[in-house]
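Novice: Okay, here's the structure, questions in a sec.
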Amino acid sequence: MTAINPARLKIQCASLVEKYSNPGGFVTGLHDVLGFYASRIRQTSLSRTNLTLQTYQVPAPVLRALEKELDEFLTTDPLQGLLLVDALWQEDWVEFRQLAIILLGNLPSALAEKILDHIQTWLGACTAEDVRRSILTRGLKRLGREKPALVLNFFEELITVGGKGEYQSVLFGLLPFVDNPAFDNLPVIFDLVSNILMPEEHILIKEITTLLRALRKRSEQETTYFLVRQLATAAKPRIFRVIRQILPEFSDENKALLKETLQTYV
Numbered sequence: 357m358t359a360i361n362p363a364r365l366k367i368q369c370a371s372l373v374e375k376y377s378n379p380g381g382f383v384t385g386l387h388d389v390l391g392f393y394a395s396r397i398r399q400t401s402l403s404r405t406n407l408t409l410q411t412y413q414v415p416a417p418v419l420r421a422l423e424k425e426l427d428e429f430l431t432t433d434p435l436q437g438l439l440l441v442d443a444l445w446q447e448d449w450v451e452f453r454q455l456a457i458i459l460l461g462n463l464p465s466a467l468a469e470k471i472l473d474h475i476q477t478w479l480g481a482c483t484a485e486d487v488r489r490s491i492l493t494r495g496l497k498r499l500g501r502e503k504p505a506l507v508l509n510f511f512e513e514l515i516t517v518g519g520k521g522e523y524q525s526v527l528f529g530l531l532p533f534v535d536n537p538a539f540d541n542l543p544v545i546f547d548l549v550s551n552i553l554m555p556e557e558h559i560l561i562k563e564i565t566t567l568l569r570a571l572r573k574r575s576e577q578e579t580t581y582f583l584v585r586q587l588a589t590a591a592k593p594r595i596f597r598v599i600r601q602i603l604p605e606f607s608d609e610n611k612a613l614l615k616e617t618l619q620t621y622v
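Under the working numbering, the very last position in the sequence shown is 622; numbers go up by exactly one each time.
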């Protein structure tokens with residue numbers, strides 16, 4: 357692996373982004389840059405798929421430098437940015453998919469419909485959890501910040517479909533909203549989580565508990581009330597298990613309330 361010289365990397369990235377309007381040329385140039393910094397090229401299999409992607413295993417600063425150089429281009433010519441995103445996604449390389457997701461997440465929210473179309477298409481073609489998580493978090497970074505209601509409505513539509521993959525996608529996608537102190541519409545988050553918890557399935561415990569832990573940090577009282585209400589309306593084994601897993605993190609008062617409520621329904 358070639359050591360990173362910041363000045364040289366900046367020159368390489370600046371030269372590469374000159375091919376912004378030529379996706380094919382950009383892809384070829386990106387292979388050259390990534391190959392220059394590659395630690396070693398290997399293959400990585402995406403879980404539960406037949407797809408094997410190659411990876412250059414480049415240091416993270418390389419993609420960050422590219423992202424920085426591309427920001428201005430995405431702002432001035434976002435439609436061309438979508439063409440570049442599509443070209444990057446077609447490459448069976450981890451770093452190309454990562455950059456495609458990053459660029460999609462940086463596009464102006466004026467392209468909301470096209471961004472969500474890409475998210476929907478990518479989710480339909482991918483079952484690897486790490487990639488799906490990145491699509492739903494990094495791929496919606498700017499849109500979620502600038503038009504949260506639109507993204508939350510998209511999540512509601514996914515829940516309506518009703519499959520495990522859709523539920524998991526929503527749980528991944530909600531986490532950045534909960535982690536954002538500027539986002540204060542927690543009731544809509546609780547409503548979406550409630551719709552996921554209603555079906556009685558022993559799945560997605562990890563994703564549900566991760567989100568509920570984040571919600572507890574934002575508002576323990578609201579989270580406690582939500583869990584008590586869930587027990588009253590859908591007292592099922594999965595919600596019992598979820599509450600038991602996160603119970604130690606609550607205050608003594610709320611812990612006692614949840615324990616008492618659990619005993620009523622178990």
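Glycine residues also receive a C-beta, built at the ideal position from the N, C-alpha and C atoms.
For Q436 versus S377, is the C-beta distance shorter than 8 angstroms?
Specialist: On the sequence shown, position 80 is the one that residue 436 refers to. On the sequence shown, position 21 is the one that residue 377 refers to. Yes, Cβ-Cβ distance for Q436 and S377 is below 8 angstroms.
Novice: Residues bridged to L463 by DSSP?
Specialist: Here the question's residue 463 lines up with position 107 in the sequence shown. According to DSSP, which records beta bridges pairwise, L463 is partnered with nothing at all.
Novice: Please classify S607: is it buried, with 16 or more other beta-carbons within 10 angstroms of its beta-carbon, or exposed?
Specialist: Indexing the sequence shown from 1 puts residue 607 at position 251. By the 10 Å Cβ count, S607 comes out exposed.
Novice: Am I right that G529 and T493 are in contact with their C-beta atoms under 8 angstroms? What's the rounded C-beta distance?
Specialist: Taking the first residue of the sequence shown as position 1, residue 529 is located at position 173. Taking the first residue of the sequence shown as position 1, residue 493 is located at position 137. At roughly 7 angstroms, the Cβ-Cβ gap stays under 8 angstroms, so G529 and T493 are in contact.
Novice: Around the Cβ of A538, are there at least 16 other Cβ atoms within 10 angstroms (buried) or fewer (exposed)?
Specialist: Here residue 538 is taken as the residue at index 182 of the sequence shown, counted from 1. Exposed is the call here.
Novice: So, helix, strand or coil for T408, using DSSP?
Specialist: As a working mapping, residue 408 is identified with position 52 in the sequence shown. Strand.
Novice: Run the CB neighbour count on I458, radius 10 Å, all protein chains shown included, and call it buried at 16 or more, exposed below.
Specialist: Indexing the sequence shown from 1 puts residue 458 at position 102. Per the 10 Å Cβ criterion, buried.
Novice: Tell me the DSSP bridge mates of W449?
Specialist: Residue mapping note: residue 449 aligns to position 93 of the sequence shown, counting from 1. Answer by DSSP bridge pairing, in chain order: Q410.
Novice: Could you give the residue range of the alpha helix (DSSP H) that holds R427?
Specialist: Within the sequence shown, numbered from 1, the residue matching residue 427 stands at position 71. The sequence shown places Asp at residue 427, rather than the Arg named in the question. Per DSSP, D427 belongs to the alpha helix (DSSP H) from A416 to T432.
Novice: Leaving out the 5 sequence neighbours to the left and right, which residues in its chain are closer than 8 angstroms to G381 when beta-carbon positions are compared?
Specialist: Working through the sequence shown from its first residue, we reach residue 381 at position 25. The residues are K375.
Novice: Can you check which of these residues, S395, A421, T411 and E451, is closest to K366 by C-alpha distance?
Specialist: Here residue 366 corresponds to residue number 10 of the sequence shown, with the count starting at 1. K366 has its Cα closest to that of A421, out of S395, A421, T411 and E451.
Novice: What is the DSSP secondary structure of S665, counted as helix, strand or coil?
Specialist: The structure shown has nothing for residue 665, since the chain only spans 357 to 622.
Novice: Excluding five sequence neighbours on each side, which residues of the same chain lie with their C-beta closer than 7 angstroms to the C-beta of V534?
Specialist: The residue you call residue 534 lines up with position 178 of the sequence shown. For V534, where only same-chain residues beyond five positions count, the Cβ hits under 7 angstroms are I545, L567, A570, L571 and R574.
Novice: For K497 versus N462, is the C-beta spacing smaller than 8 angstroms?
Specialist: In the sequence shown, residue 497 corresponds to position 141, counting from 1. In the sequence shown, residue 462 corresponds to position 106, counting from 1. Yes, the pair counts as a contact, with Cβ atoms nearer than the cut-off.
Novice: To the nearest angstrom, how far is the alpha carbon of I595 from that of S395?
Specialist: Translated into the one-based positions of the sequence shown, residue 595 becomes position 239. Translated into the one-based positions of the sequence shown, residue 395 becomes position 39. Cα to Cα, the separation comes out at about 45 angstroms.
Novice: Which term fits G495, buried or exposed, when burial requires 16 or more other beta carbons within 10 angstroms of its beta carbon?
Specialist: In the sequence shown, the residue the question calls residue 495 occupies position 139. With 16 or more other Cβ atoms within 10 Å, it is buried.
Novice: Measure the C-alpha to C-alpha separation of L438 and L460 and round it to an integer number of angstroms.
Specialist: For the purposes of this step, residue 438 is identified with residue 82 of the sequence shown, where counting begins at 1. For the purposes of this step, residue 460 is identified with residue 104 of the sequence shown, where counting begins at 1. Roughly 7 angstroms between the two C-alpha positions.
Novice: Is E563 closer than 8 angstroms to Q524 when the C-beta atoms are compared?
Specialist: By 1-based counting over the sequence shown, the position of residue 524 is 168. By 1-based counting over the sequence shown, the position of residue 563 is 207. Yes, the Cβ-Cβ distance between Q524 and E563 is below 8 angstroms.
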